[in-house]
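Numbered according to mature numbering (1 follows the signal peptide of the UniProt record, and there is no 0), the sequence shown spans residues -20 to -1, 1 to 158. All C-beta atoms in this analysis are idealised placements derived from N, C-alpha and C, irrespective of residue type, glycine included. Predicted model, so just to flag it, every value in this text is computed and none were measured. Right, one structure below, let's go through it.
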Amino acid sequence: MNKLLLTFLIALTVSFQSCAQSTYENITYSYQAKIPTDWNLVGEIKNDTIQNFSITEWTLPKVISESQEIEVQNSIEVYAYENNDIKNIKELINHEKQKWQPFLLKTDISQEGSEFSREVITTSKIPSFDHKSKKYFIYKNGICYRIQLVCTIDTFDKNFSDFENFYTEFKIIENKKK
């Protein structure tokens, strides 16, 4: 009986530890996200006041790339910025598309979503940086958001659910804009 209780407590502890999260918040660009404790913050500019943007990037736990036979760390990034020329989600998508279209092999833009958001899946055509990504674009309160998962092509599915969970928990903070 004690052995069974001990096994249950160990399983509960491991389960709790794998669900542990912290909350990341950027007040200037009005968003917050829940970050699992096994993700690493690898880059952060909270507020570039000259170019009016913020970028934060986390790496996820290592996964095996079968095609390359190595461990890789994929990343999730939140890029938020202000651009006075962009007034809605359609203009945001067009602006972003101009930046990344020359480098892409395939682009699937979902027209589903709200009036404020769209999802995009892309695959690169650059041999030295062969990757697949999923991006969510949001335009709200004059701020443009790109929430993005970047993976090697064969590890995309391994991190996809983590990214979807991250996006589900991503929140625009109302009325806290600068």
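Check: Option in Lys79, Glu62, Glu76, Leu40 with minimal Cα separation from threonine 132; Outcome: Leu40
Check: Identified DSSP bridge partners for serine 55; Outcome: Thr39, Val130
Check: Where the beta strand (DSSP E) containing glutamate 5 begins and where it ends; Outcome: 1 to 6
Check: Delimiting residues of the beta strand (DSSP E) encompassing serine 113; Outcome: 112 to 120
Check: Distance CB(glutamate 76)-CB(glutamate 57) smaller than 8 Å; Outcome: no
Check: Beta carbon of isoleucine 127 nearer than 8 Å to that of tyrosine 119; Outcome: no
Check: Helix, strand or coil at serine 45 according to DSSP, with G and I counted as helix; Outcome: strand
Check: Glutamate 5 to lysine 67 span [Cα, whole Å]; Outcome: 24 Å
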